[in-house]
Every structure is written in structure tokens, then in C-alpha cells.
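Working notes, structure below.
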Amino acid sequence: MKKNQGFTLIELIMVVAIMGILFSLAYSSYSNQNNRLNLLGSVDKMKTQMNWARNYAIRREKFCVVSIWPSDGEYQFAVKNDPDDEVPITVVPPGEILTDDMVIIGNNIEIEVSDCADDDPCVLIYNYLTEVWDKPAVKINFSLSGQPSQTLGIDASTGRVNQES
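Each step along the sequence shown adds one to the number in the working numbering, with nothing skipped, and position 14 is 22.
Written out as C-alpha cells, the structure is:
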């Protein structure tokens with residue numbers, strides 16, 4: 009009597025099919041988590057950099073100017089000696105590489121700025137003398153398809169930028 013050894017073709021096809029299903033489930037979960045991390049990272053980056061710009065203005069006794077271009081997904085930090093100065097001086101947050109003096113949000117993340125009169129750019133000015141922003145009601149909303157949106161807001165009493173959701 010001859011002993012059969014090995015697997016049949018049907019058994020091998022079934023194993024490969026099951027592995028394919030498991031890999032596709034794992035990949036979609038990985039992709040979703042990666043998108044979430046990109047969104048949260050972009051929100052945290054802008055929050056940290058806006059608070060850095062505020063502190064920079066206080067330490068140097070200057071007016072901080074944050075310009076946000078929602079349509080392009082870019083923003084810029086600058087300082088002025090006087091709020092009436094025409095041209096602000098661009099400042100670079102630590103560890104940031106600028107493209108045309110702009111910080112690019114990237115990662116297919118869309119931003120929307122509310123309570124800023126549909127300006128493009130939306131310009132926020134921090135007054136180091138009064139320690140308040142000129143538009144404290146502004147909300148910056150970050151969104152990425154398939155992810156819950158995240159919002160940054162300005163604390164009216166301290167002037168710090170905080171994540172709201």
C-alpha cells in the first residue's frame with residue numbers, strides 16, 4: 009500500500025484564500041489607525057507651534073501674527089514690532105522646515121477656520137501687551153475622510169491654544 013504525502017491543490021488554495029482575507033482585514037485596520045495618527049499629529053503640531061509663537065512674542069515683546077490659508081492647507085508665523093507695521097517678519101518654529109515661508113499641513117488633511125470672516129488667509133494677531141488674540145472666538149477644524157474631526161480653540165483668559173475635541 010502506497011502512502012500519500014503532502015497537500016492537495018484544493019487545500020493549498022483554501023489556505024491562501026484564508027490568509028488573504030486575514031491580511032485584508034489587518035491592512036484596513038492599519039490604514040485607519042495611520043490616518044488617525046496623521047490627523048492627531050497635525051493638530052498637535054499646529055497647537056504646539058501656535059503656543060510657541062505666542063510665547064515667542066511675549067519674550068521678545070512683539071506682536072505675533074498667525075496667517076492660515078485653509079484652501080492651501082498652509083500657515084505662517086510672523087512678528088511685528090507695532091501692529092500697524094506693513095510687513096511682518098517671518099519666524100520659524102523649532103525643528104520646522106518651511107516651504108516658501110509656509111508650514112504645510114499635508115497628509116491630505118483639510119482645515120477650516122470658523123469665525124474669521126471668510127478671509128483667505130485668516131490672520132490672527134496676538135497682542136503681547138494685553139495678552140489676548142484679536143479674534144479669540146476662532147476655531148480651527150481639522151478633518152480627514154473617515155476620521156472624527158478635531159478642533160483647536162483659543163482660551164480667552166490665557167491666550168493659549170487648546171484642543172477641544
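Beta carbons: idealized from backbone N, C-alpha and C, even for Gly.
In the structure shown, the three-state DSSP call for V24 is helix.
Taken atom to atom, the span from the alpha-carbon of R68 to that of D93 is near 16 Å. Note on geometry: alpha-carbon atoms of V74 and S122 lie some 15 Å from one another. DSSP links M54 through a beta bridge to no other residue.
CA-CA distance, S32 to F15, rounds to 25 Å. Its Cα nearest to that of R44, the residue G154 stands out among G154, W77, T107. For M110, the CB contacts under 6 Å within the same chain, skipping 5 residues up- and downstream, are E82, Q84 in chain order. D142 has its alpha-carbon roughly 42 Å from the corresponding atom of S37. Across the set N12, Y35, N42, A25, the C-alpha of N42 shows the shortest separation from the C-alpha of N116. DSSP places S153 in the coil class of the three-state scheme, outside both helix and strand. N135 carries a strand assignment under DSSP once its states are collapsed to helix, strand and coil.
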